[in-house]
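Chemist: Let me give you the structure first, and then I'll get to my questions.
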Amino acid sequence: MSIISDSLIIYKREMLIFKSKLRTNILRSLIFPLVLILMLGNLGANSDIITNIGVVNYASNPSAYNFVQSLQSNTDLNVEMLTNQQAALAALKAGQVTDVVVISPSFPSLESKNPGIYIYYANNFADLGNSVNIIESLAQQYESSIGKPIQYQSAVNSDQVVLDPAYAAGASYKTFLVGGVIVMVSVFGSMFGGGMSIITDRQLGNLKSFLITPINKMSIILGKVMSGTTQALIYGIIAILIGLLDGATIAMGILGAAIILVLIALTAVAFSAITIILASRIAKIEVYSIIANAITLPLWFISGAFFPTSSLPSWLYPLSVIDPLTYSASGIRYIMMYGYYPINSAILDFSILVAFSVVMLLLSFKLFSTTIGK
Amino acid sequence: MVKNALEIKNLVEKFGDFTAVKNISFNVKEGEIFGLLGPNGAGKSTTLNMILTLLTPTSGSIELYGIDIHKEVQRAKNMIGFMTQETVIEQDLTPRQNLEIFGELYHIANIKDKIAQSLKDAELTDFADYKAGALSGGMQRRLALVRSMIQDPKIIILDEPTTGLDVQNRTALWEKIRSLNKKGITVLLTTQYLEEADALCDRIAIIDKGEIKAIGTASELKASVSSGNIVEIVTQSDATSKVASVLKDFGLSPSIKIDVVTASIEKGEIAKFSDITKELIKKNIPILGISMHLPTLDDVFIKLTGTGLRDTAIGKPQVQIRSRK
Numbered sequence: 000m001s002i003i004s005d006s007l008i009i010y011k012r013e014m015l016i017f018k019s020k021l022r023t024n025i026l027r028s029l030i031f032p033l034v035l036i037l038m039l040g041n042l043g044a045n046s047d048i049i050t051n052i053g054v055v056n057y058a059s060n061p062s063a064y065n066f067v068q069s070l071q072s073n074t075d076l077n078v079e080m081l082t083n084q085q086a087a088l089a090a091l092k093a094g095q096v097t098d099v100v101v102i103s104p105s106f107p108s109l110e111s112k113n114p115g116i117y118i119y120y121a122n123n124f125a126d127l128g129n130s131v132n133i134i135e136s137l138a139q140q141y142e143s144s145i146g147k148p149i150q151y152q153s154a155v156n157s158d159q160v161v162l163d164p165a166y167a168a169g170a171s172y173k174t175f176l177v178g179g180v181i182v183m184v185s186v187f188g189s190m191f192g193g194g195m196s197i198i199t200d201r202q203l204g205n206l207k208s209f210l211i212t213p214i215n216k217m218s219i220i221l222g223k224v225m226s227g228t229t230q231a232l233i234y235g236i237i238a239i240l241i242g243l244l245d246g247a248t249i250a251m252g253i254l255g256a257a258i259i260l261v262l263i264a265l266t267a268v269a270f271s272a273i274t275i276i277l278a279s280r281i282a283k284i285e286v287y288s289i290i291a292n293a294i295t296l297p298l299w300f301i302s303g304a305f306f307p308t309s310s311l312p313s314w315l316y317p318l319s320v321i322d323p324l325t326y327s328a329s330g331i332r333y334i335m336m337y338g339y340y341p342i343n344s345a346i347l348d349f350s351i352l353v354a355f356s357v358v359m360l361l362l363s364f365k366l367f368s369t370t371i372g373k
Numbered sequence: 002m003v004k005n006a007l008e009i010k011n012l013v014e015k016f017g018d019f020t021a022v023k024n025i026s027f028n029v030k031e032g033e034i035f036g037l038l039g040p041n042g043a044g045k046s047t048t049l050n051m052i053l054t055l056l057t058p059t060s061g062s063i064e065l066y067g068i069d070i071h072k073e074v075q076r077a078k079n080m081i082g083f084m085t086q087e088t089v090i091e092q093d094l095t096p097r098q099n100l101e102i103f104g105e106l107y108h109i110a111n112i113k114d115k116i117a118q119s120l121k122d123a124e125l126t127d128f129a130d131y132k133a134g135a136l137s138g139g140m141q142r143r144l145a146l147v148r149s150m151i152q153d154p155k156i157i158i159l160d161e162p163t164t165g166l167d168v169q170n171r172t173a174l175w176e177k178i179r180s181l182n183k184k185g186i187t188v189l190l191t192t193q194y195l196e197e198a199d200a201l202c203d204r205i206a207i208i209d210k211g212e213i214k215a216i217g218t219a220s221e222l223k224a225s226v227s228s229g230n231i232v233e234i235v236t237q238s239d240a241t242s243k244v245a246s247v248l249k250d251f252g253l254s255p256s257i258k259i260d261v262v263t264a265s266i267e268k269g270e271i272a273k274f275s276d277i278t279k280e281l282i283k284k285n286i287p288i289l290g291i292s293m294h295l296p297t298l299d300d301v302f303i304k305l306t307g308t309g310l311r312d313t314a315i316g317k318p319q320v321q322i323r324s325r326k
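Protein sequences, first through last, are from chains Y and H.
Mapped onto this note's numbering, the consecutive letters of the first sequence carry residue numbers 0 to 373.
Mapped onto this note's numbering, the consecutive letters of the second sequence carry residue numbers 2 to 326.
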């Protein structure tokens, strides 16, 4: 018999156990999204977020001066005047400001080929699009007051900067948070379905019972990973539903929801494998819980699940780049907030998640077969 | 001639510098119930794990019906059933689901028929769809037994199968084991209960510190540790000293345990037994029971493995006393 068919038997066993404790499992899956989305999500929606923006004014005319004044007087923005565009973009890259507004000498411009304002954005959901909305809104007010159109567009300068001013427009903190919660419950589902079940099976002697049957050892791992992934998907769907019921949105619609499920599945495969790696080395469930949480919680925090990665200290920011959860969160955010998933970002996110999953899966095979599965 | 079901030759298992199993050899004959006895840490579990292919021997060989089990692992696994001392069944699943999962893991054809038969054998047909965790200890153990037999193995390894069971359930499980054996299944049994080994096993090996200390039938082992028989007299607790005194008069060395006085009699002096009985009656000492028998397996076990406790602890003491400077 093949590894796949044996894996499906282990998977069936895991899901029968999951089903036998369905009430407990559903309650467990509800707690985290309910607390975070309903409580923190609504708190976040009402709180004031002050965003640092950098402004470079190359236009020496009263219109530009008045526009800068209107930016400075807005209570949600903390405006830092910078001398030139190069310094402003350096500050953007360093995470010191969330957006850069460059007012060109031609401001206010009447020609689309020669815009009056350039807006640069950090591609890390730095302020959930709030500052963009504010700048646009102020520009529109200014536009109407002078009776002339102001054209503005952003420009691509580096990987960290995106050009689309519509980015995240209209999205709420709740939607932002739901994306992060989906990522986290996926990881939790993996923890319960993957490594934790290995430890309990080992403690109860079930693992030995499996190992003396003629099935391939790898099928035990695969079955557990499939179970962890299924549980993660169930938890993820529950989190999405709670978020939607509470007012979050999936800007990309049904197709977006389907892509979110694929992202959850990829994340869950990787983290089921990670927890199996831990379980191969750890015999006590208490120790496993501590170490699994010590690994997954920081990864979750630096992934931008709770708050934008630009808010991270400069020493922590590079870690978010190598954190696989950052890419799950990124994909889910694009779909939920942005309304479309740029192909470059999708390729990056999926490539990293697939590669990470494969590496973790291979490592889990190796460690399991050389330790407890020996 | 009865052929060997299991042949273990010069088996050694080392864990770093520690040798858990030291060059042991024994055979289990087809159709017999073979007991492997030994104190904690004797090497029983290591030996079983090697037979179960969970451990690879450092050296030596294990052949099951002529096949080297570490060369033909998959084939060997289909021939071995295993039931461990813990009741390893899925507590959250029903007996039917328990059997179904393991039937599928062994790739059994006609699985529904097999499950129905196994449930019947375990007398669990009426409880097939209850949660296994809700069944009594004896029922769980019977389920574990039929689950370990789901693939119709040629040999079944029972690792302390009756530990923790009450007398009724233990006796019932013994009957199950005997009936399996009557069907031609070879049984390799480990147990802490020496009377269990005495009652069930055709032959017994005693293992200690990784070495086989003795091997044979229960009677052979008993005979090997004593040149005579044991006289056992049950009396009233206040009369034990009088009984002991009579035994001393006959040149024996009695020992007293509450209301039981025992002493060894050499084979050539068995006639003394009737004289002792007459003397006790003559002196009007109350006798509740009197018998003469071979030593028990307990005597054999203690003689071969010693009386020292095998106390061990893992890790460090939880409270450490700091010396005051």
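Where a beta carbon is used, it is the ideal one built from N, C-alpha and C, also for glycine.
Go ahead and label Asn24/Y buried or exposed: buried means 16 or more other beta carbons lie within 10 angstroms of its beta carbon, across all protein chains shown.
Modeler: Taking the first sequence and counting its residues from 1, one reaches residue 24/Y at position 25. With 16 or more Cβ atoms within 10 Å of its Cβ, Asn24/Y is classed as buried.
Chemist: Contact criterion: CB-CB distance below 8 Å. Does Phe83/H meet it with respect to chain Y?
Modeler: Locating residue 83/H in the second sequence gives position 82, counting from the first residue. Yes - at least one Cβ of chain Y is within 8 Å of the one on Phe83/H.
Chemist: Have a look at Ile286/H and Gly252/H and give me their C-alpha separation to the nearest angstrom.
Modeler: Along the second sequence, read from residue 1 onward, the residue named residue 286/H stands at position 285. Along the second sequence, read from residue 1 onward, the residue named residue 252/H stands at position 251. Roughly 19 Å between the two C-alpha positions.
Chemist: Should Ile102/Y and Gly94/Y be called a contact, given that it needs their Cβ atoms to be closer than 8 Å?
Modeler: Here the question's residue 102/Y lines up with position 103 in the first sequence. Here the question's residue 94/Y lines up with position 95 in the first sequence. Going by C-beta atoms, Ile102/Y is not nearer than 8 Å to Gly94/Y.
Chemist: Whose C-beta lies closer than 7 Å to the C-beta of Lys283/H among residues of the same chain, with five residues either side of it excluded?
Modeler: Within the second sequence, residue 283/H is the residue found at index 282, counting from 1. There are no such residues.
Chemist: Please identify, using Cβ separations under 8 Å, the residues of the stretch 181-194 of chain H that lie next to chain Y, in order along the chain.
Modeler: Answer set for the stretch 181-194 of chain H: empty.
Chemist: By DSSP, does Phe106/Y sit in helix, in strand, or in coil?
Modeler: Here the question's residue 106/Y lines up with position 107 in the first sequence. Phe106/Y: coil per DSSP, three-state reduction.
Chemist: So which residues on chain H does Lys20/Y lean against when the C-beta distance must stay under 9 Å?
Modeler: Here residue 20/Y refers to the residue found at position 21 when the first sequence is read from its first residue. What Lys20/Y touches in chain H: Asp93.
Chemist: With distances taken between CB atoms, is the gap from Ile234/H to Ile288/H smaller than 8 Å?
Modeler: Within the second sequence, numbered from 1, the residue matching residue 234/H stands at position 233. Within the second sequence, numbered from 1, the residue matching residue 288/H stands at position 287. Contact flag set, yes.
Chemist: By Cβ distance, which residues of its chain are closer than 6 Å to Asn182/H, with the 5 residues on each side in sequence left out?
Modeler: By 1-based counting over the second sequence, the position of residue 182/H is 181. Excluding residues within five positions, the ones whose Cβ falls inside 6 Å are Ile34, Val188.
Chemist: Rank Gly229/H, Glu280/H, Ile257/H, Leu298/H by C-alpha distance to the C-alpha of Glu270/H and give the top, closest one.
Modeler: Your numbering for residue 270/H matches position 269 in the second sequence. Of Gly229/H, Glu280/H, Ile257/H, Leu298/H, the residue nearest in Cα terms is Gly229/H.
Chemist: Reducing DSSP to helix, strand and coil, say where Gly169/Y ends up.
Modeler: Stepping through the first sequence from its first residue, residue 169/Y is reached at position 170. Note that Gly169/Y has pLDDT 46, beneath the 50 cutoff, so the model's placement of it is unreliable and no number is given.
Chemist: From what residue to what residue does the alpha helix (DSSP H) around Ala63/Y run?
Modeler: As a first step, residue 63/Y must be located in the first sequence, where it is residue number 64. Its alpha helix (DSSP H) spans residues 61-71.
Chemist: Where does Asn56/Y sit, in a helix, a strand or coil, going by DSSP?
Modeler: One-based indexing of the first sequence puts residue 56/Y at position 57. In this structure, Asn56/Y counts as strand in the three-state DSSP scheme.
Chemist: Kindly indicate which three-state DSSP category Met84/H falls into: helix, strand or coil?
Modeler: Residue mapping note: residue 84/H aligns to position 83 of the second sequence, counting from 1. Strand.
Chemist: Using a Cβ-Cβ cut-off of 6 Å (strictly less than) and excluding sequence neighbours within five positions of Thr47/H, which residues of its own chain qualify?
Modeler: As a working mapping, residue 47/H is identified with position 46 in the second sequence. Excluding residues within five positions, the ones whose Cβ falls inside 6 Å are Glu14, Ala21, Val22.
Chemist: So which residues of chain H does Gly204/Y contact, with C-beta pairs closer than 8 Å?
Modeler: Translated into the one-based positions of the first sequence, residue 204/Y becomes position 205. In chain order: Thr85, Glu87, Val89.
Chemist: Give a yes or no on whether the C-beta atoms belonging to Ser119/H and Val147/H are separated by under 8 Å.
Modeler: The residue you call residue 119/H lines up with position 118 of the second sequence. The residue you call residue 147/H lines up with position 146 of the second sequence. Yes. Within cutoff.
Chemist: How is Val89/H classed by DSSP in three states: helix, strand or coil?
Modeler: Locating residue 89/H in the second sequence gives position 88, counting from the first residue. If DSSP states are grouped into helix, strand and coil, Val89/H belongs with coil.
Chemist: My guess is that Asn51/Y and Glu13/Y are in contact by the Cβ rule of under 8 Å, so how many angstroms apart are they, rounded?
Modeler: Taking the first residue of the first sequence as 1, we reach residue 51/Y at position 52. Taking the first residue of the first sequence as 1, we reach residue 13/Y at position 14. In fact, because the Cβ distance is near 48 Å, the residues do not count as touching under 8 Å.
Chemist: Can you check the stretch 97-182 of chain H for any alpha helix (DSSP H) of at least 4 residues that lies completely inside it and give the ranges in chain order?
Modeler: Within the stretch 97-182 of chain H, the complete alpha helix (DSSP H) runs of at least 4 residues are 112-122, 138-149.
Chemist: Of all the options Leu21/Y, Thr228/Y, Ile237/Y, Lys207/Y, which has the alpha carbon lying nearest to the alpha carbon of Asn32/Y?
Modeler: Taking the first residue of the first sequence as position 1, residue 32/Y is located at position 33. In the sequence as presented, Asn is not what sits at residue 32/Y; that position holds Pro. The shortest C-alpha separation from Pro32/Y is found at Ile237/Y.
Chemist: At the 8 Å Cβ level, is Tyr1/H part of the contact set with chain Y, yes or no?
Modeler: Nothing in the structure corresponds to residue 1/H, since chain H is present only between 2 and 326.
Chemist: Bridge partners for Ser265/H per DSSP, in chain order?
Modeler: Residue numbering aside, residue 265/H sits at position 264 when the second sequence is read from its first letter. DSSP, once it has assigned bridges, lists Ile231/H as partnering Ser265/H.
Chemist: Can you pull the chain H residues whose beta carbon is under 8 Å from the beta carbon of Ile16/Y, in chain order?
Modeler: As a position in the first sequence, residue 16/Y is number 17, starting the count at 1. What Ile16/Y touches in chain H: Glu91, Asp93, Leu94.
Chemist: Can you tell me whether Thr174/Y is buried or exposed? The criterion is at least 16 other CB atoms within 10 Å of its CB, across all chains shown.
Modeler: Looking up residue 174/Y in the first sequence gives position 175. Looking at its Cβ environment, which holds 16 or more other Cβ atoms inside 10 Å, Thr174/Y is buried.
Chemist: How would you list, in chain order, the residues of chain Y whose beta-carbon sits under 8 Å from the beta-carbon of Tyr107/H?
Modeler: In the second sequence, residue 107/H corresponds to position 106, counting from 1. Thr212, Pro213, listed in chain order.
Chemist: Looking at the structure shown, is Glu73/H part of a helix, part of a strand, or coil, going by DSSP?
Modeler: For this step, residue 73/H is matched to residue 72 along the second sequence. Of the three classes helix, strand and coil, the one that applies to Glu73/H here is coil, per DSSP.
Chemist: Assuming contact is defined by CB atoms lying nearer than 8 Å, are Val74/H and Thr54/H in contact in what I supplied?
Modeler: To locate residue 74/H, count along the second sequence from 1; it is residue 73. To locate residue 54/H, count along the second sequence from 1; it is residue 53. Yes, the Cβ-Cβ distance between Val74/H and Thr54/H is below 8 Å.
Chemist: So the candidates are Pro154/H, Thr263/H, Leu174/H, Asp122/H; which of them puts its Cα closest to the Cα of Gly139/H?
Modeler: Taking the second sequence and counting its residues from 1, one reaches residue 139/H at position 138. The option with the nearest alpha carbon to Gly139/H is Leu174/H.
Chemist: Are Ser271/Y and Thr228/Y closer than 8 Å when you measure CB to CB?
Modeler: Working through the first sequence from its first residue, we reach residue 271/Y at position 272. Working through the first sequence from its first residue, we reach residue 228/Y at position 229. Taking 8 Å as the Cβ cut-off, Ser271/Y and Thr228/Y qualify as a contacting pair.
Chemist: What residue from Ile331/Y, Ile134/Y, Leu244/Y has the CA that sits closest to Met183/Y's CA?
Modeler: Walking along the first sequence from the start, residue 183/Y turns up at place 184. Comparing Cα positions, the closest option is Ile331/Y.
Chemist: Am I right that Leu305/H and Asp209/H are in contact with their C-beta atoms under 8 Å? What's the rounded C-beta distance?
Modeler: As a working mapping, residue 305/H is identified with position 304 in the second sequence. As a working mapping, residue 209/H is identified with position 208 in the second sequence. Yes, they are in contact, since the Cβ atoms of Leu305/H and Asp209/H sit about 7 Å apart, within 8 Å.
Chemist: How far does the beta strand (DSSP E) with Phe27/H in it extend, from its first residue to its last?
Modeler: Reading the second sequence from its first residue, position 26 is the one you call residue 27/H. That run of the beta strand (DSSP E) goes 19-30.
Chemist: Going along chain Y in order, which residues have a C-beta closer than 7 Å to the C-beta of Lys78/H?
Modeler: Translated into positions along the second sequence, residue 78/H becomes position 77. Chain Y residues near Lys78/H: Ile211, Thr212, Pro213.
Chemist: Would you list, in chain order, the members of the stretch 46-71 of chain H that have their beta-carbon closer than 9 Å to a beta-carbon of chain Y?
Modeler: Cβ contacts with chain Y: Asn50, Leu53, Thr54, Leu55, Leu56, Thr57.
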